[in-house]
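In order, the protein sequences belong to chains A and B.
Per this note's numbering, the very first residue in the first sequence carries number 1; after that it's consecutive.
Per this note's numbering, the very first residue in the second sequence carries number 1001; after that it's consecutive.
The beta carbon of each residue, even a glycine, is placed where N, CA and C say it ideally should be.
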Amino acid sequence: MRRRAIGHLLLLAAGLVVLTVISAGSVYLVNRAREDARSVLHTVEVENQISMVQLQLRRAESAQRGYLSTTRLDFQSDFEEAASKLTPALQRLSQLISDNPVQKRLVDEMIPLSNQRIEEFRRIIELARTQRIDDAAQIVREGIGRDAMKHIDDLASQMRAEEDRLFVERTTSADRSQTLAASMTAVGSGLVVVLAAISIFLVRRSARARDDAAALLRDSNLNLEATVDERTADLREANDEIQRFAYIVSHDLRSPLVNIMGFTSELEELRADIFKRIAMLSHAAASAAPAPVVAGETEPVLEGEDKQLSQDFAEALGFIKSSIAKMDRLISAILNLTREGRREFEPVPIDTRELIEGIVATMAHQAAEAQARIQIEPLPHIVSDRLAMEQIFSNLIDNALKYLRPGVPGDISIRGRTKLRFAIFEVADNGRGIDPKDHQRIFELFRRAGAQDKPGQGIGLAHVRALVRRLGGTMSVSSELHCGSTFTITLPINWTLNKRNRGS
Amino acid sequence: MSQPVTIIMIEDDEGHARLIERNIRRSGVNNDILPFTNGTAAVGYLFGSDGSGRYHKGRALLILLDLNLPDMTGIDILRRVKENKYLKCAPVVVLTTTDDSQEIKRCYELGCNVYITKPVNYESFANAIRQLGLFFSVIQVPPAAP
């Protein structure tokens, strides 16, 4: 997954780089093309300007000739006009080619020549105007000016050739940049298309993978729900089974116990009869005289071995009977627990403090006997099963009263607070406390801790914890020997019958 | 003096049956006791071959009934007895190990006259049976249904 994400990122980065390169290249090449175009234009302009210079020179010459042959003033003004235009044309030309040393040299050569020509023309015109036509014609005839003119034309054609060379060069360069730009755009576009294709392929592949995963997830969710339902049903069934089993077992165990107890009592009566007869017989044998009539109900008078036998008999029966009584208590306890487990809980709003005050009132006598003070602090109201709550707190308060330290006035307090959606109750005493190694044990069925000097079956706390669990809560104890105990119960403030609790 | 009451004891546990019988005898009751160890035989005797119970017309019966029988529940027998016009006047004493309040309530609703939990504490058991003996001697068996 991570690798795929990195691949996508790389792809995106590549696309970005390609696009940037294409853009930068295009901008650069467009600039180059513009530059080339400007150079081409420049070349054309330079050639144009050369022609302009030559034109003005020719115009000046022809005006001079015209004047010479006709001496008309029009020609003189024509000449002046051409001469005046020649200088700016030359200046412009030297400006245009200022970046090219070859052309510059040529122009520098050309400027004095043309100026010289103009001076010559002007002198001829001046001669003609002062009626010295012959002198003027003489100058013209000498042909000094023609060489200069020819030299100027040479220079001009040299400059043209130079410009042509530059023109060809620049056109080629422009062509090259254009080709480069075109190929660059083509390659870039191709790359972008390829990248786009790869992206589309990857996106589609990951979309398909996502769809598959979603379908799989949906399936497994459905399966999970079905499995959970199944397991819940199984658990509920198993729980019901255990309840029924415990009920039937405890019930059916009781039946033979009735017989054992009944016939043990019968045996006891038989024993009384038997030993009465033994006493009579032994007396009869010993004294051969009629034994003193033993009054019906009094213990027969026995001696020696007989007495020992009778005592052994009584002892055996005594053990049997006390064991039966104990077994009966255990069975009754299991029965009661299963009966509790089968009771349907009903959530009702409970004023916890009122409920506990009621419990404490019924224990006032015990509390007075133990010299204990029971203090109830304000407690949160909760929604829960009333009977279960009563059983929980009466068991805990009863325990607190039962296991006080002898000679120390009891101090029992019941506190409460809420945290998130739970109510936390504490039943604290200053009694004899519980050894930390027994903290787990005391919640087990039929297990007790500390000195076994108080009546009890070891059922109370097991029962309380079962109730607290059924109400969706937890309970714990914190205690040290001789330092009192605090039982903490955490219950949901708003308990409702849900799937889990129903049918259990 | 009306005809003596016959005690019908429906109890699957022979030990229990023996204990009950002994204690009844000890309390000085000498009426006939007819023991049945299963529901089917008891029902056969009570309702006769035609199922009407006419045979017992005019006879005085007292039924000692255990609720946990191997072949049917004592509750069924109780219901049928109390629905039968010849038998419904016979007092029924339910004697069982169950002390479930729901079940006790149900038995009384169906017309059971006395409900005794078989205690493991033998003295109280014997006592209860003897009380029952006393009970036998004072019951007035009403004139049989016409």
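Would residue 96(A) and residue 151(A) qualify as a contact pair, given that the criterion is a beta-carbon distance under 8 Å? No, the Cβ-Cβ distance between residue 96(A) and residue 151(A) is not below 8 Å.
Pick from 45(A), 101(A), 251(A) and 487(A) that is closest to residue 338(A), judged by C-alpha positions: Minimum Cα distance to residue 338(A) is reached at 251(A).
Inter-residue spacing [alpha-carbon to alpha-carbon] between residue 20(A) and residue 189(A): Straight-line measurement puts the Cα of residue 189(A) at about 12 Å from the Cα of residue 20(A).
How do the region 46 to 58 of chain A and the region 108 to 123 of chain A stand: do at least 3 beta-carbon pairs fall below 8 Å, yes or no? The region 46 to 58 of chain A is in contact with the region 108 to 123 of chain A.
Minimum length 4: unbroken alpha helix (DSSP H) runs contained in the region 388 to 449 of chain A: The region 388 to 449 of chain A contains no complete alpha helix (DSSP H) run of 4 or more residues.
Would you grab the beta carbon distance between residue 495(A) and residue 427(A) for me? Rounded to a whole angstrom, and I think it's under 8 Å. Not really, about 19 Å apart at Cβ, beyond 8 Å.
Just tell me which of 372(A), 129(A) and 57(A) has its CA closest to the CA of residue 407(A). For the residues 372(A), 129(A) and 57(A), the minimum Cα distance to residue 407(A) belongs to 372(A).
For residue 496(A), which three-state DSSP category applies? DSSP places residue 496(A) in coil when its eight states are reduced to three.
Tell me, please, whether the CB atom of residue 1073(B) is closer than 8 Å to any CB atom in chain A? Closer than 8 Å: no.
Per the contact definition of three or more C-beta pairs closer than 8 Å, is the region 135 to 154 of chain A in contact with the region 1 to 20 of chain A? Two segments are said to touch when three or more pairs of C-beta atoms, one from each, lie closer than 8 Å; by this definition the region 1 to 20 of chain A does not touch the region 135 to 154 of chain A.
Are residue 402(A) and residue 454(A) close, meaning C-beta to C-beta below 8 Å? Yes, Cβ-Cβ distance for residue 402(A) and residue 454(A) is below 8 Å.
Starting from residue 1036(B) and walking both ways along the beta strand (DSSP E), at which residues does that stretch end? Run containing residue 1036(B): 1033 to 1036, per the beta strand (DSSP E) assignment.
At 9 Å on the CB atoms, spell out the chain A contacts of residue 1097(B), in chain order. Among the residues of chain A, those whose CB is under 9 Å from the CB of residue 1097(B) are 251, 252, 254, 255, 257 and 258, following chain order.
DSSP three-state label for residue 201(A), please. Here DSSP, grouped into helix, strand and coil, assigns residue 201(A) to helix.
Cut-off 6 Å between Cβ atoms - residues of its own chain near residue 135(A), not counting five sequence neighbours on either side: For residue 135(A), the CB contacts under 6 Å within the same chain, skipping 5 residues up- and downstream, are 127 in chain order.
Under the three-state DSSP convention, the category residue 1115(B) falls into: Strand.
Residues of its chain near residue 353(A), where Cβ-Cβ distance is below 7 Å and the 5 sequence neighbours each way are ignored: Leaving aside the five residues that flank residue 353(A) on each side, the residues in its chain whose CB is nearer than 7 Å to its CB run, in chain order, 376, 378 and 379.
Please tell me whether residue 47(A) and residue 160(A) are closer than 8 Å, where the distance is taken between their beta carbons. Yes. Within cutoff.
Residue 487(A) - DSSP class collapsed to helix/strand/coil: Here residue 487(A) sits in strand by DSSP.
Would you please state the rounded distance, in angstroms, between the beta carbons of residue 394(A) and residue 424(A)? I believe it to be under 8 Å. Actually they do not touch by this definition, with Cβ atoms about 19 Å apart.
Give a yes or no on whether the C-beta atoms belonging to residue 341(A) and residue 243(A) are separated by under 8 Å. Yes.
Using C-beta distances below 6 Å, list every residue in its chain close to residue 1084(B), excluding the 5 sequence neighbours before and after it, in chain order. Result list for residue 1084(B): 1053, in chain order.
So for residue 1100(B), helix, strand or coil by DSSP? For residue 1100(B), the three-state secondary structure derived from DSSP is coil.
Considering just the uninterrupted stretch of the alpha helix (DSSP H) at residue 112(A), what are its terminal residues? Looking at the DSSP string, the run of the alpha helix (DSSP H) that includes residue 112(A) is 101 to 129.
For residue 482(A), does the count of other Cβ atoms within 10 angstroms reach 16, so buried, or fall short, so exposed? Burial state of residue 482(A) is exposed, judged by a 10 Å Cβ sphere holding fewer than 16 other Cβ atoms.
Please report whether the beta-carbon of residue 470(A) lies at a distance below 8 Å from any beta-carbon of chain B. In terms of beta-carbon proximity, residue 470(A) stays away from the interface with chain B, with every pair separated by 8 Å or more.
Please name the residue in 1009(B), 1051(B), 1023(B) and 1036(B) whose C-alpha comes closest to that of residue 1080(B). Nearest C-alpha to residue 1080(B): 1051(B).
So the candidates are 307(A), 334(A), 336(A) and 264(A); which of them puts its Cα closest to the Cα of residue 323(A)? When the alpha-carbon of residue 323(A) is set against those of 307(A), 334(A), 336(A) and 264(A), the nearest one is in 264(A).
Spatial neighbours of residue 1097(B) within its chain, please: C-beta separation below 8 Å, excluding the five flanking residues on both sides. Contacts found: 1068, 1117 and 1118.
Within 8 Å, strictly: CB atoms of residue 493(A) and residue 422(A): Yes; because the gap between Cβ atoms is below 8 Å, this pair is in contact.
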